[in-house]
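Novice: So for the sequence shown, numbering that gives the first Met the number 0 puts the first residue at 0; every next one is plus one.
Sharing a structure below in structure tokens format, with a few things to ask.
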Amino acid sequence: MTALMPTVLLFEPHFVLRRTVAAAARQLGIAEVHEAATLHAADKLARLQRYDLVIIALDGAAVADIDAFAKRCNASRVIGLQAPGSSVHCAAVSDTLHKPLKVKSLLGYLKARHVAVMSDSAEAGPG
0 MTALMPTVLL
10 FEPHFVLRRT
20 VAAAARQLGI
30 AEVHEAATLH
40 AADKLARLQR
50 YDLVIIALDG
60 AAVADIDAFA
70 KRCNASRVIG
80 LQAPGSSVHC
90 AAVSDTLHKP
100 LKVKSLLGYL
110 KARHVAVMSD
120 SAEAGPG
């Protein structure tokens, strides 16, 4: 029996970070990652399905737009990726990781949160 992987929406404008995290998470069986390079693309994906986890680059768009998206995306958990020296705050973001971050660090975070995310999803029931 194959264990369910959490679905993750990753909004990160930087191609290399986004693609590396998504590919590694899939390959390691940590999460099924859907990628978005823009907030508009992330919003379109979020309207198509419910995600267990949304990771948002807080430097990827205007703060008000990011905060509005984080509130309406209907994810179990929303994590912000904070740029160096930035103090952006979004009320709908439950946790923040700081850039520059190593891909291994983000994957470790995802793996550590895997059980919690799946537990949150099970409690929420069908979307």
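Heads up, the beta-carbon is just placed ideally off N, CA and C, and yes, glycines get one too.
Values in this document were obtained by computation on a predicted structure and should not be read as measured data.
At what residues does the alpha helix (DSSP H) containing I65 begin and finish?
Specialist: It spans 62-71 - the alpha helix (DSSP H) in which I65 sits, taken as one unbroken run.
Novice: Round the Cβ separation of V20 and L106 to the nearest angstrom and send it over; I've been treating them as touching at under 8 Å.
Specialist: Between L106 and V20 the Cβ distance is about 7 Å, and since that is below 8 Å, they are a contact.
Novice: Name the DSSP beta bridge partners of V53, please?
Specialist: Beta-bridge pairing links V53 to L8, V77.
Novice: Mind reading off the beta-carbon distance from A60 to L8? Whole number of angstroms is fine, and I expect it under 8 Å.
Specialist: With 8 Å as the limit, A60 and L8 do not qualify as a contact, their Cβ atoms being about 14 Å apart.
Novice: I'd like to confirm the pairing. Which residues does DSSP put opposite D94 in its beta bridges?
Specialist: DSSP lists I78 as partners of D94.
Novice: Please confirm whether any heavy atom of the ligand FAD lies closer than 8 Å to the CB of L38.
Specialist: With respect to small molecules bound, the structure shown includes none, and the ligand FAD cannot be examined in it.
Novice: Is it right to say F68 is buried, meaning 16 or more other beta carbons lie within 10 angstroms of its own, or is it exposed?
Specialist: Result: buried.
Novice: Which residues mark the beginning and the end of the alpha helix (DSSP H) in which H39 is found?
Specialist: Per DSSP, H39 belongs to the alpha helix (DSSP H) from 38-47.
Novice: Output the distance between the C-alpha atoms of G84 and R25, rounded to the nearest integer angstrom.
Specialist: If I take the Cα positions, the gap works out to 31 Å.
Novice: A35 and F14 look like a contact to me (Cβ under 8 Å); what is the Cβ gap, rounded to whole Å?
Specialist: In fact, because the Cβ distance is near 12 Å, the residues do not count as touching under 8 Å.
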